[in-house]
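> Residue numbers for the sequence shown follow the working numbering, beginning at 1 and rising by one. Just so you know, even glycine gets a beta-carbon here, dropped at the ideal spot from N, CA and C. Submitted below is the structure of interest, expressed as structure tokens.
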Amino acid sequence: MVRNGWTTVLIGLSLLMAGCAEVPQRPSYAITPEAALALVSAQADVKASQNAKYAWTTAIAALNDAEKAAAKGDSAAVIRLSRTASSLAKASIEQTRYPLVQ
């Protein structure tokens with residue numbers, strides 16, 4: 001069955017109004033822009049290491065701690081923990097460039 005554009009829009013709106021579909025929202029952190037940028041960067045770095053299958057648990061733990069600090073509004077801790085998570089995630093990927101045996 002072929003639907004016209006309006007039918008699709010109406011079905012989508014009815015699902016949205018019925019609560020069957022959620023609109024994704026960006027998380028709102030009560031932290032400084034610098035801390036938010038550090039957190040987003042750390043999330044991307046850890047995600048990249050996870051996608052490469054080389055994520056270290058310490059990087060994931062540091063990112064989780066940074067996200068908890070963001071929820072509390074502690075910008076200084078977010079920056080510190082995000083930098084730690086980013087550097088560990090990058091190191092986990094970098095280690096793959098070294099030979100296993102010399």
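In terms of residue numbering, what span does the alpha helix (DSSP H) encompassing THR32 cover?
THR32 -> no alpha helix (DSSP H), and no H or E assigned at all.
> Name the two residues that bound the continuous alpha helix (DSSP H) containing THR84.
Residues 75-94.
> Do you know how far the Cα of PRO99 is from the Cα of VAL46?
Going by the C-alpha atoms only, they are around 23 Å apart.
> Measuring CA to CA, which of SER87, ALA69, ALA91, VAL101 is closest to THR32?
Measuring from the Cα of THR32, the nearest candidate turns out to be ALA69.
> Compute the Euclidean distance between the alpha carbons of ALA89 and LYS72, then round it to the nearest angstrom.
Roughly 24 Å between the two C-alpha positions.
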